[in-house]
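Colleague: When we follow the UniProt record's numbering, the leftmost residue of the sequence shown carries the number 1, and every step to the right adds one.
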Amino acid sequence: MDVDRAAPYIRIVSTDAGTQVSGDSVEHLGHTIALDTARPPDGVFAHWEWDGTTLTARNDRLGFYPLYYYQDTTGIALSPSIPRLLQLGADDRLDYKGLAVFLRLGYFIAEDTPFAHIRALPPNAQLRWHAGHLEIAHAMPKPTEQTLSRDQAIDAYIDLFRQAIARRPPLGPTAVPLSGGRDSRHILFELYRQGHRPECISAAIIPPYAVDEGQLAKQIADRLGLRHRTAPQASSRVQLDLAKNNLTGFCTDEHEWYLPVAEQLSRTFTTVYDGIGGDVLSASRSLTPESLKRYRTTAPATLAEQLLLRENTLAHILPRAIYRACHRGLAVEHLANELARHQTGLNPVASFQLFNRTRREIALAPYGLLRNVPRVYSPFLDRDLYDFLAGLPPEMLFERRFHTDTLHRAYPEYADIPFAQAQHTKNRPALRRPSTHWS
1 MDVDRAAPYI RIVSTDAGTQ VSGDSVEHLG HTIALDTARP PDGVFAHWEW DGTTLTARND
61 RLGFYPLYYY QDTTGIALSP SIPRLLQLGA DDRLDYKGLA VFLRLGYFIA EDTPFAHIRA
121 LPPNAQLRWH AGHLEIAHAM PKPTEQTLSR DQAIDAYIDL FRQAIARRPP LGPTAVPLSG
181 GRDSRHILFE LYRQGHRPEC ISAAIIPPYA VDEGQLAKQI ADRLGLRHRT APQASSRVQL
241 DLAKNNLTGF CTDEHEWYLP VAEQLSRTFT TVYDGIGGDV LSASRSLTPE SLKRYRTTAP
301 ATLAEQLLLR ENTLAHILPR AIYRACHRGL AVEHLANELA RHQTGLNPVA SFQLFNRTRR
361 EIALAPYGLL RNVPRVYSPF LDRDLYDFLA GLPPEMLFER RFHTDTLHRA YPEYADIPFA
421 QAQHTKNRPA LRRPSTHWS
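1. Which of the three DSSP states, helix, strand or coil, is assigned to F115?
2. Would you call the segment 395–414 and the segment 297–308 touching, i.e. three or more CB-CB distances under 8 Å?
3. Can you list, in chain order, the stretches of the beta strand (DSSP E) that have 3 or more residues and sit fully within the segment 364–431?
4. Between S202 and L226, which are expected to be in contact by the criterion C-beta below 8 Å, what is the C-beta distance as a whole number of angstroms?
5. Along the beta strand (DSSP E) that carries A42, what are the first and last residues, could you check?
6. Assign D279 to one of three DSSP states: helix, strand, or coil.
7. In or out: A137 buried (at least 16 other Cβ within 10 Å) or exposed?
8. Look at the Cβ atom of Y68, then the Cβ atom of S79, and state whether they are nearer than 8 Å.
9. Which two residues bound the contiguous alpha helix (DSSP H) that contains E361?
10. Which residue's Cα is closest to the Cα of L281: V349, P289 and N337?
11. Would you kindly report the start and end of the unbroken alpha helix (DSSP H) that includes I82?
12. With which residues is D72 paired in a DSSP beta bridge?
13. Per DSSP, what kind of secondary structure is L29 in: helix, strand or coil?
14. Is any beta-carbon of chain B found at less than 8 Å from that of L55?
15. Compare the beta carbon distance of residue 445 and L103 with 8 Å and say whether it is the shorter of the two.
16. Inspect the beta-carbon positions of A262 and L171 and report whether they are closer than 8 Å.
17. At the level of alpha carbons, what is the spacing between H47 and L127?
18. If you measure from the CB of H28, is any heavy atom of the ligand ZN nearer than 7 Å?
19. Per the contact definition of three or more C-beta pairs closer than 8 Å, is the segment 110–123 in contact with the segment 246–253?
20. Kindly indicate which three-state DSSP category E199 falls into: helix, strand or coil?
21. Report yes if the C-beta distance between A17 and L330 is below 8 Å; otherwise report no.
22. For A336, which of helix, strand or coil comes out of DSSP?
23. What residue range does the beta strand (DSSP E) around Y273 cover?
24. Do A365 and H255 have their CB atoms nearer than 8 Å?
25. Assuming I12 and W50 form a contact by the criterion Cβ under 8 Å, report the distance between their Cβ atoms to the nearest whole angstrom.
26. Between T53, Q163 and K293, which has its C-alpha nearest F380's C-alpha?
27. Would you mind working out which of K244, G181, P66 and I154 sits nearest F355, comparing C-alpha positions?
28. Of the choices T147, G75 and S184, whose alpha-carbon is the least far from that of G132?
29. Decide yes or no for the touch test of the segment 272–287 against the segment 180–188: beta carbon pairs closer than 8 Å, at least 3 of them.
30. Can you list, in chain order, the residues of its chain whose CB lies under 7 Å from that of R118, leaving out five sequence neighbours each side?
31. Need the endpoints of the alpha helix (DSSP H) that S235 sits in, please.
32. Extract the residue ranges of the alpha helix (DSSP H) inside the segment 113–164, only unbroken runs of 4 or more that lie entirely within it.
33. Which of the three DSSP states is assigned to S286 in this structure?
34. According to DSSP, simplified to helix, strand and coil, what is V176?
35. Where does S435 sit, in a helix, a strand or coil, going by DSSP?
36. Could you name the residues that DSSP lists as bridge partners for R58?
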């Protein structure tokens, strides 16, 4: 196992001779954005501080910056890197419950990791460790339902997104990873409207995914007179996967294709804008009248059975002992508990997707692979914009035209540029799917 030697950490061990501390006593990861004095800061971040007797840590409201902790009878350790925690002596026994879901759903849920004793910090968390006692308080935000008409909601989306970008001005060399979708295009158009001229970068396609979004991205950049570059893919997918696994703490089956992009961004730019959250909040493929009804009315265990796939494939490729330890019944029960947390919300489909797949898997690209970029902004996660989009009646989003119509109203001069259309190639790998986090 390679260890990210640059990953920050703190390890506190209590011994008969006193308390031993290694690593960083104070650490500020990610970025914060000051709002008005009556509200806590916005942004995507994780902080910790050791004052000599008490360790405290907190993260952003949605919990998108990955921070992991491990506690045992001797002390506690924190780091954004799971391999670093393992190197520090964290118990490496597997979490079969979490893995049972991951192997069938494709991502970890809630605060799971591959290891039973290493946990992710939950959203909006406040951690306190003192004299061997650990307390963690946390709460997910609950949106207030919007009562605007669709036409009014589009105008509000335009205004709030402009405010989100204005709160996140670029500093130094700036890039937008650009695809053929809506989210990154929205970011680029608004940056351009506000007078900024970022570079654009796209990933070269890799088989078996046939969508070459780089050509559309170049068309958009050329239209604005901006530089566009394409990051070529490495010759060895195996080496990419191994590197990705360590940088993401073994928590995702995606993102290896993003590593060449991440390397260029980390080497060249000090500000990067990512479109994470835009799709699930305003143009989710998962949100349909049928899926909304299922999430609202189906018993969580039954819904979990319907969502968990890959059984035949897993039975053939997993060692028998692992397959038995990560059995389907364990996965169903664990996933059902998480689904139940979201079932009574305004939009349980988006809520479950955002706080699980988006937060626990997709976020590992901008806030794992891009950890060395000083500022990685995610304007769709802006506090006011998130509260607005999460509060939209889900029925308003069924046709998946809401974000498209918003873009065309805000930037009519570019309405002729098409969006990439998803294509599915034959013989698609049973355990792989392309990530669309920067659409």
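Built from N, CA and C at the ideal position, the CB exists for glycine as well.
Modeller: Checking against the coordinates, here is how it stands:
1. strand
2. No, they do not touch.
3. 375–377
4. Here S202 is actually not in contact with L226; their C-beta atoms are around 12 Å apart, not less than 8 Å.
5. According to the sequence provided, residue 42 is Asp. The question's Ala does not apply to it. D42 -> beta strand (DSSP E) spans D42 to W50.
6. helix
7. exposed
8. The beta carbons of Y68 and S79 sit closer together than 8 Å.
9. Per DSSP, E361 belongs to no alpha helix (DSSP H) and is neither H nor E.
10. V349
11. I82 to Q87
12. G75
13. Collapsing the DSSP output to three states places L29 in a strand.
14. Although the question refers to chain B, the structure presented lacks it and comprises just one protein chain.
15. This structure does not reach residue 445, given that the chain is present from 1 up to 439, and the question cannot be answered.
16. Note that the C-beta distance between A262 and L171 is not below 8 Å.
17. Spanning the two alpha carbons is a distance of roughly 10 Å.
18. Inclusion of the ligand ZN in the displayed structure is not the case, the ligand content being empty and no account of it being possible.
19. yes
20. strand
21. no
22. helix
23. T271 to Y273
24. Going by C-beta atoms, A365 is nearer than 8 Å to H255.
25. Between I12 and W50 a beta carbon distance of about 7 Å is seen, short of the 8 Å cut, so the two are scored as contacting.
26. Q163
27. Measuring from the Cα of F355, the nearest candidate turns out to be P66.
28. G75
29. yes
30. Checking the displayed sequence, the identity of residue 118 turns out to be Ile instead of Arg. The answer, listed in chain order, is Y68, Y70, I82, L85 and A90.
31. S235 -> no alpha helix (DSSP H), and no H or E assigned at all.
32. none
33. coil
34. strand
35. Legend: pLDDT at S435 = 41, less than 50; position of this residue unreliable, value from coordinates given subsequently. Coil at S435, not helix or strand.
36. Assignment of beta-bridge partners to R58 by DSSP yields H47 and Q126.
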